[in-house]
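Have a look at the structure below, then the notes.
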Amino acid sequence: MKRLKRRKRAFIISLIIFCLLLITVTALAGGGPTFLGRAFVTVTSPVQSGLTGTGNWLGERLGYFRGMAALYEENRRLTAENALLVMENSLLRYLEEAVEEYAMLLDTQLRYSNYDTMVAQVRASDPGNWYNRFIIDRGSSHGIEVNMPVLANGALIGRISKTWPYSALVESIIDDGSGVSAKVYRTNHVGVVRGDVELMMEGLVRMGFTSLGVDVAVGDEIQTSQLSSYYPPGITIGHVVSVEVDSRGIASAIVQPTADFSPVKSVLVITELFYLEYGDW
Numbered sequence: 168m169k170r171l172k173r174r175k176r177a178f179i180i181s182l183i184i185f186c187l188l189l190i191t192v193t194a195l196a197g198g199g200p201t202f203l204g205r206a207f208v209t210v211t212s213p214v215q216s217g218l219t220g221t222g223n224w225l226g227e228r229l230g231y232f233r234g235m236a237a238l239y240e241e242n243r244r245l246t247a248e249n250a251l252l253v254m255e256n257s258l259l260r261y262l263e264e265a266v267e268e269y270a271m272l273l274d275t276q277l278r279y280s281n282y283d284t285m286v287a288q289v290r291a292s293d294p295g296n297w298y299n300r301f302i303i304d305r306g307s308s309h310g311i312e313v314n315m316p317v318l319a320n321g322a323l324i325g326r327i328s329k330t331w332p333y334s335a336l337v338e339s340i341i342d343d344g345s346g347v348s349a350k351v352y353r354t355n356h357v358g359v360v361r362g363d364v365e366l367m368m369e370g371l372v373r374m375g376f377t378s379l380g381v382d383v384a385v386g387d388e389i390q391t392s393q394l395s396s397y398y399p400p401g402i403t404i405g406h407v408v409s410v411e412v413d414s415r416g417i418a419s420a421i422v423q424p425t426a427d428f429s430p431v432k433s434v435l436v437i438t439e440l441f442y443l444e445y446g447d448w
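For the sequence shown, the positions run 168 to 448 when the working numbering is used.
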C-alpha cells in the first residue's frame with residue numbers, strides 16, 4: 168500500500184514538471200497559449216487573484232497605519248507647541264501683572280515720599296473674596312510694629328494689628344472692627360469710616376457723621392483726618408458712592424475704598440507710628 172502511494176505521488180510530481188516544461192517551451196517558441204498552458208493559467212488564476220487582493224489589502228492597511236503614525240506625530244508636535252505657547256502666555260501675564268503691581272507701589276511710594284516705607288508681600292488671608300485681614304511677609308525683625316499704617320494702590324488699606332518675627336497681621340479698613348477718623352476732602356467735614364459686616368461682602372465701608380448739616384456728596388474723596396490716632400492726615404481712603412440721611416437729618420455715606428481688596432498681593436507699610444490720644448474711635 169505504501170509503495171502504491173509513493174508511485175502515485177511520483178507520477179503527479181512528474182506530470183506537474185512535464186506541464187511546466189511544456190508551458191515554458193511554448194512560451195519560448197513564441198506560439199500562442201497551448202491547451203495545457205491555458206489549463207495551468209485557469210487553475211492558478213484564482214490563487215494569483217487572491218494573492219493580488221491580499222497584497223493590495225496589506226498595502227492599504229500599511230498605508231493607513233503610516234498615515235495614522237504621521238497624524239500621531241503631528242498631533243504630538245502641535246500639542247507640545249500649544250503647551251509651550253500656554254506657558255509663555257502665562258509667564259507674560261505674570262510679568263505684566265508684576266510690572267503693573269510694582270509700578271503702583273512705586274507711585275504710592277513717590278506720592279507719600281515724606282514717610283519711610285517698606286514693601287511687603289501678602290502670604291495668607293482670611294477665607295473669602297475680600298481681604299479684611301491678611302498676613303504679610305515682614306515682621307518685628309524687619310522693624311514692623313503694631314499700628315503702623317499699610318497702603319495699597321496709592322491709598323489706605325489698613326494697619327498692623329499683630330506682629331511676629333518674620334510676619335505681621337494687617338487689619339484692613341473693611342473689617343467690621345476697624346474705625347478710621349476721616350474727612351470729606353472737599354468740605355473738611357470730619358466723620359468716622361467703619362467696616363460693616365454687610366458692606367464688607369461688597370468691599371465697601373460706611374462713613375458716619377455726628378453733626379447736622381454735613382456737606383457730603385457722591386464722588387467726594389475721603390481722606391484720613393488730622394484727628395486720626397494711627398494714620399497721618401491726607402491719606403486717600405476712597406470715594407463716596409451713595410449718601411443717606413436719617414430721620415434726625417444726620418448724614419452717612421457709603422464709601423468705595425481706592426485700595427483693591429480682591430485680592431491684595433503687595434502692600435506698602437509706613438514704618439512710622441502716629442499717636443493721638445483722642446483720635447479714631
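Glycine residues also receive a C-beta, built at the ideal position from the N, C-alpha and C atoms.
Within 10 angstroms of the beta-carbon of Leu238 lie fewer than 16 other beta-carbons, which makes it exposed. Between Tyr352 and Ile302, the gap from beta carbon to beta carbon reaches 8 Å or more. When the alpha-carbon of Ser308 is set against those of Tyr333, Phe428, Gly401, Ile404, the nearest one is in Tyr333. Here the C-alpha atom of Phe441 lies approximately 13 Å from the C-alpha atom of Ser348.
Taking the Cβ atoms as the reference, Leu318 lies roughly 5 Å from Thr275, within the contact range of under 8 Å.
The three-state reading of DSSP puts Ser339 in strand, counting E and B together. In chain order, Met271, Thr275, Thr425, Ala426, Asp427 place their CB closer than 8 Å to the CB of Asn320, counting only its own chain and leaving out the 5 sequence neighbours on each side.
Cβ atoms of Ile324 and Val360 stay farther apart than 8 Å, at about 12 Å. Going by C-alpha positions, Val385 is about 35 Å away from Ala335. For Met367, same chain residues with a beta-carbon under 8 Å away, outside a window of 5 residues either side, are Trp297, Asn299, Ile341, Asp342, Asp343 in chain order. Of the residues Asp304, Ser345, Glu338, the one whose Cα lies closest to the Cα of Trp331 is Asp304. C-alpha of Ile311 to C-alpha of Ser429: approximately 24 Å in a straight line. Asp382 and Pro399 have their C-alpha atoms some 23 Å from each other.
Taking 8 Å as the cut-off, the beta carbon of Glu411 is found no closer than this to the beta carbon of Asp283.
Taking C-beta atoms as the reference points, Ala287 and Val434 count as a pair closer than 8 Å.
For the 8 Å CB-CB criterion, Gly401 and Thr391 form a contact. DSSP places Val253 in the helix class (H, G or I) of the three-state scheme. As DSSP reads the structure, Ala287 sits in a beta bridge with Val434. Burial of Ser395 is indicated by the presence of at least 16 other C-beta atoms within 10 angstroms of its C-beta. With at least 16 other beta carbons inside 10 angstroms of its own, Ser419 counts as buried. Taking 8 Å as the upper bound for CB-CB distance, Val289 and Val431 are in contact here, some 5 Å apart.
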